[in-house]
Amino acid sequence: MSAEAKEVKPAVEMVNIEVNGVPMEAPKGSMIIEATDKAGISIPRFCYHRKLSIAANCRMCLVDVEKAPKPMPACATPVMEGMKVYTESRRAIDAQHGVMEFLLINHPLDCPICDQGGECELQDLAMGYGRSVSRFTERKRVVKDKNVGPLVQTDMTRCIHCTRCIRFLDEIAGTVEMGGTGRGDRLEIGTCVENSIDSELSGNIIDLCPVGALTNKPFRFSARAWEMAARPSVGAHDGVGSHLYYHARTGRIMRAVPRDSEATNETWLADRDRYSHFGLYHEDRVIQPLIKVDGQWRESTWDDALARAVEILKNAGKDLCTLMSPSAATEEYYLAQRLVRALGSAHIDHRLRECDFADDGMRPSAPLFQTHIAGLESTDAALLVGCNPRHEAPILGHRLRKAWRAGATISVINPLKWDFVFDVEHQQVVAPQQMVGELAAVCVAAAGETGVPDALTELVAGVEPTDAHRALADRLRGAEQGVILVGHFAAGHEQAASLRQLAGWLAELTDCGIDILPHGANATGAWLAGAVPHRGPGGRPVEAGMTVADMLGSEGNSWLLWDFEPGHDVSDPAAAQGALANAAGVVAVAAYAGDDLKSVADVILPLAPVAESEGSFINVDGLPVPFAPAGRVSGDARPGWKILRRLGDALGLEGFGQVSLANLQAEMRADIDAGTAQAVAPASVVLSAARAGDNGLFRIGEVPMYAVDALCRRSAPLQQTVHAESDFVGLNPADADRLGLTHDGKARVRQGTAFVELPVRVTDQVPSGGAWVRSATEFGRTLGPASGPIKVEVA
Numbered sequence: 001m002s003a004e005a006k007e008v009k010p011a012v013e014m015v016n017i018e019v020n021g022v023p024m025e026a027p028k029g030s031m032i033i034e035a036t037d038k039a040g041i042s043i044p045r046f047c048y049h050r051k052l053s054i055a056a057n058c059r060m061c062l063v064d065v066e067k068a069p070k071p072m073p074a075c076a077t078p079v080m081e082g083m084k085v086y087t088e089s090r091r092a093i094d095a096q097h098g099v100m101e102f103l104l105i106n107h108p109l110d111c112p113i114c115d116q117g118g119e120c121e122l123q124d125l126a127m128g129y130g131r132s133v134s135r136f137t138e139r140k141r142v143v144k145d146k147n148v149g150p151l152v153q154t155d156m157t158r159c160i161h162c163t164r165c166i167r168f169l170d171e172i173a174g175t176v177e178m179g180g181t182g183r184g185d186r187l188e189i190g191t192c193v194e195n196s197i198d199s200e201l202s203g204n205i206i207d208l209c210p211v212g213a214l215t216n217k218p219f220r221f222s223a224r225a226w227e228m229a230a231r232p233s234v235g236a237h238d239g240v241g242s243h244l245y246y247h248a249r250t251g252r253i254m255r256a257v258p259r260d261s262e263a264t265n266e267t268w269l270a271d272r273d274r275y276s277h278f279g280l281y282h283e284d285r286v287i288q289p290l291i292k293v294d295g296q297w298r299e300s301t302w303d304d305a306l307a308r309a310v311e312i313l314k315n316a317g318k319d320l321c322t323l324m325s326p327s328a329a330t331e332e333y334y335l336a337q338r339l340v341r342a343l344g345s346a347h348i349d350h351r352l353r354e355c356d357f358a359d360d361g362m363r364p365s366a367p368l369f370q371t372h373i374a375g376l377e378s379t380d381a382a383l384l385v386g387c388n389p390r391h392e393a394p395i396l397g398h399r400l401r402k403a404w405r406a407g408a409t410i411s412v413i414n415p416l417k418w419d420f421v422f423d424v425e426h427q428q429v430v431a432p433q434q435m436v437g438e439l440a441a442v443c444v445a446a447a448g449e450t451g452v453p454d455a456l457t458e459l460v461a462g463v464e465p466t467d468a469h470r471a472l473a474d475r476l477r478g479a480e481q482g483v484i485l486v487g488h489f490a491a492g493h494e495q496a497a498s499l500r501q502l503a504g505w506l507a508e509l510t511d512c513g514i515d516i517l518p519h520g521a522n523a524t525g526a527w528l529a530g531a532v533p534h535r536g537p538g539g540r541p542v543e544a545g546m547t548v549a550d551m552l553g554s555e556g557n558s559w560l561l562w563d564f565e566p567g568h569d570v571s572d573p574a575a576a577q578g579a580l581a582n583a584a585g586v587v588a589v590a591a592y593a594g595d596d597l598k599s600v601a602d603v604i605l606p607l608a609p610v611a612e613s614e615g616s617f618i619n620v621d622g623l624p625v626p627f628a629p630a631g632r633v634s635g636d637a638r639p640g641w642k643i644l645r646r647l648g649d650a651l652g653l654e655g656f657g658q659v660s661l662a663n664l665q666a667e668m669r670a671d672i673d674a675g676t677a678q679a680v681a682p683a684s685v686v687l688s689a690a691r692a693g694d695n696g697l698f699r700i701g702e703v704p705m706y707a708v709d710a711l712c713r714r715s716a717p718l719q720q721t722v723h724a725e726s727d728f729v730g731l732n733p734a735d736a737d738r739l740g741l742t743h744d745g746k747a748r749v750r751q752g753t754a755f756v757e758l759p760v761r762v763t764d765q766v767p768s769g770g771a772w773v774r775s776a777t778e779f780g781r782t783l784g785p786a787s788g789p790i791k792v793e794v795a
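Quick note: the sequence shown uses UniProt numbering, first residue 1, plus one each step.
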């Protein structure tokens, strides 16, 4: 977008007011409570929240306004020139005391057993504005609790009808799952029809509730607020880098709550970040070094396990293949690539769920994210390509919803009709094999008479755009702040390179920003640290090694696996299991070890997960997000950088003498900066339009929101939600009818020689030509690629 096109915002008009005799300025039209909060003047409140609309129904914020006939609610009274406000006058204090007495009339006296005790807004304000003796002698009202799912516990007798939960689910989450029924003292807050609350942001209503009517269900009765210490940390499941606090008691992580960061997660937290820690102490957790002896796993000392690992790595040499989680720390990527390359190998990759690397020569040194996280809410037109932001990065979905509420139009080219929290203007839902053609048609419509880049000539050959494609192109071209968001499904597509390059060309044609949303929490850090086969730190050119797809297609190599489960964390689990089963040796560094990892590994070194470790991520905005241990390290687990430092030292390699994390980070930053100076411009590569064939069904192997990594898969509360349901094959009604399959019937799903039997879900969410079979699940461990041909037949 050109600089001339940017709108110059007018200066904010200010008015002069006086609060408690102190003159101050406030923006015209703002509310009294906003002015006093900015000035550090405390006004009690329950229903008001700075991120929600104004309800003015609790009346706790009544203040005395000069010349007003009665106390006025500070949250709903706009400031005016010359206004005089008194927050501590007798009239204001008496009004606040009266409101508090009414609020406590029906509130139960169960503070000793309430999870909110010790951090309850009602408790705090009752100390300042309540009476020591109640004048109420009648029976208190009792409200039946509602079952709203596995994540939120209700105690609705405590509810004071502030409606924060209702407004959050309506305005922020966009799911409108709660409301009020009845009037007066018969009013009840609930789901109206008995349903679970299924928003991916549902846990935020716990933080918003000021009285303990909504609390953390899995945490219920586990600890008191004053027993726990808050430790800052970061969400480790997507590239947003959400800020949070872990609350720990005697070193054990008990719960997670949001930490304010306007640049990332504002004041919200996705359920995935809030509840995943309940898998932290799962029985699969590796807390001791393990060595396989005669096919049996035995606990070992670090010295013996390292000696076995060193033996395997030394013997591997240039044939060592290394696969790393896309959610490892940047320091771990940096030391791992140094170790691998020092051994003479170049085979290292973190792009586990990708299968098309044809455009590696054209890709930048890190995934592009030109419209930053906070900037997404200012966009006026967005195109989602193979992207479901609600599940891939819930905070980004929230930002896009804010943009839509402000008037933005959102369009999609997707393989499923996902349920969004915003309306979609142009919706192209097509089978995976047709996505490249759909995006190419939009590009041709946007290009007009503009020449086609040589690299994309074959992709757009013979493409004829329709009116729908032209309308979508026109909308992007007319946007002042447009963005094209390329998501997880596009990254794992069998023609991902074509989708990426077409999206980049479309962004150039329409003067839009392009955001590539990679898998994992730290893909940007992995690229910059050099954990890819063709680039060193900072994008420095190096001798290229094998990609993850090439590695899984090879035989007889030795492997270093980093926080990786072969049955779940890769695009083609069948190929991964086959390659690792025939390996010369496998060293696994992991926090969790399931049957799939134990069946192929020779030695397992215990890795401390993020909540117990130290290091940093680099989020999609390119900002470093540091984290430190929030809980006590379990057993003999170690932070990843310390494991790699010791491995490098035991192998006799240079560059592994760091004495502290700060020392390592300084060295890493200098190396990345030096590599950035040496990075070469991406080369042009001609992409082929060839694909496996358009006939038959293609798998839509999306990764469920709560199956993205080992920690989420082991969190019992998350696995009890509707978003974790994965044991089905979804088919379009036309395809189901053609195959003789019915809803809730049984189907045999086959890829290669492997097959599974699954219930059938017939739904219009699935386009004709697609078969919705989710990845990263137990039943999918034996199947092939998440994107590609698949056979579905009557069981």
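Yeah, the Cβ is synthetic: ideal placement off N, Cα and C, and Gly gets one too.
Below 8 angstroms on the Cβ atoms is my contact criterion, and I expect residue i with residue j to pass it. Report the Cβ-Cβ distance as a whole number of Å.
i      : j      : result
Arg164 : Leu201 : Rounded, the Cβ-Cβ distance is 14 angstroms, inconsistent with contact.
Gly615 : Phe627 : 6 angstroms
Cys75  : Ala56  : 6 angstroms
Val686 : Asp454 : 6 angstroms
Leu597 : Ala503 : Rounded, the Cβ-Cβ distance is 35 angstroms, inconsistent with contact.
Leu472 : Ser378 : Leu472 to Ser378, Cβ: 21 angstroms. No contact.
Leu339 : Leu647 : 6 angstroms
Ser325 : Arg167 : The pair is not a contact, with the Cβ atoms about 38 angstroms apart (cut-off 8 angstroms).
For residue i, I'd like the list of residues in its chain whose CB is within less than 8 angstroms of its CB, leaving aside the five on either flank, ordered along the chain.
i      : result
Lys144 : Met156
Ala5   : Low per-residue confidence applies at Ala5: pLDDT is 44, beneath 50, and the placement is therefore not dependable enough to give any value.
Ser2   : Annotation note: pLDDT 40 at Ser2 (below 50); position unreliable, no value reported.
Asp185 : Asn106 and Arg141
Arg477 : Ala446, Leu509, Thr510 and Asp511
Measuring alpha carbon to alpha carbon, tell me which of the options ends up nearest residue i.
i           : options                           : result
Ile205      : Pro44, Pro258 and Gly239          : Pro258
Arg220      : Asp115, Val760, Asp572 and Asn147 : Asp115
Ala707      : His568, Val421, Leu122 and Arg90  : His568
Leu580      : Tyr592, Trp268, Glu565 and Ala590 : Glu565
Gly788      : Arg45, Ala674, Asn106 and His493  : His493
Val620      : Val548, Asn695, Gly730 and Thr264 : Thr264
Phe369      : Leu109, Val589, Asn315 and Val240 : Val240
Ile604      : Tyr592, Thr457 and Thr175         : Tyr592
residue 829 : Arg500, Glu138, Met551 and Ala342 : Nothing can be reported for residue 829, as the shown portion of the chain is limited to 1 through 795.
Met546      : Asp360, Ser42 and Gly190          : Asp360
Leu644      : Glu331, Tyr129 and Gln719         : Glu331
Arg59       : Val65, Gly513 and Pro73           : Pro73
Phe357      : Leu384, Gln495 and Val436         : Gln495
residue 805 : Arg475, Gly190, Glu449 and Asp198 : As displayed, the chain neither begins before 1 nor continues past 795, which places residue 805 out of reach and without an answer.
Gly513      : Asp380, Leu169, Gly530 and Glu555 : Asp380
According to the neighbour-count rule (16 or more other Cβ atoms, all chains shown, within 10 Å of its Cβ), is residue i buried or exposed?
i      : result
Gly770 : buried
Tyr48  : buried
Ala305 : buried
His347 : buried
Gln678 : exposed
Tyr281 : exposed
Ala11  : exposed
Trp772 : buried
Trp268 : buried
Phe102 : exposed
Cys443 : buried
Spatial neighbours of residue i within its chain, please: C-beta separation below 6 angstroms, excluding the five flanking residues on both sides.
i      : result
Gly585 : Ile312, Ser558 and Asp602
Ser571 : Arg353, Cys355, Gly492, Pro785 and Ala786
Ser715 : Tyr275, Ser276, Phe278 and Gly279
Asn388 : Trp418
Phe728 : Leu758, Pro759 and Arg761
Please work out which residues of its chain come closer than 7 angstroms, Cβ to Cβ, to residue i, disregarding the five sequence neighbours upstream and downstream, and give them in chain order.
i      : result
Met228 : His247, Ala248, Arg249 and Met254
- Task: Take every Cβ of the segment 730-744, pair it with every Cβ of the segment 657-671, and state whether three or more of those distances are shorter than 8 angstroms.
- Result: no
- Query: Is the number of C-beta pairs between the segment 71-91 and the segment 27-37 that are closer than 8 angstroms three or more?
  - Reply: yes
- Query: Does the segment 390-404 come close enough to the segment 419-426 that 3 or more CB-CB pairs lie under 8 angstroms?
  - Reply: yes
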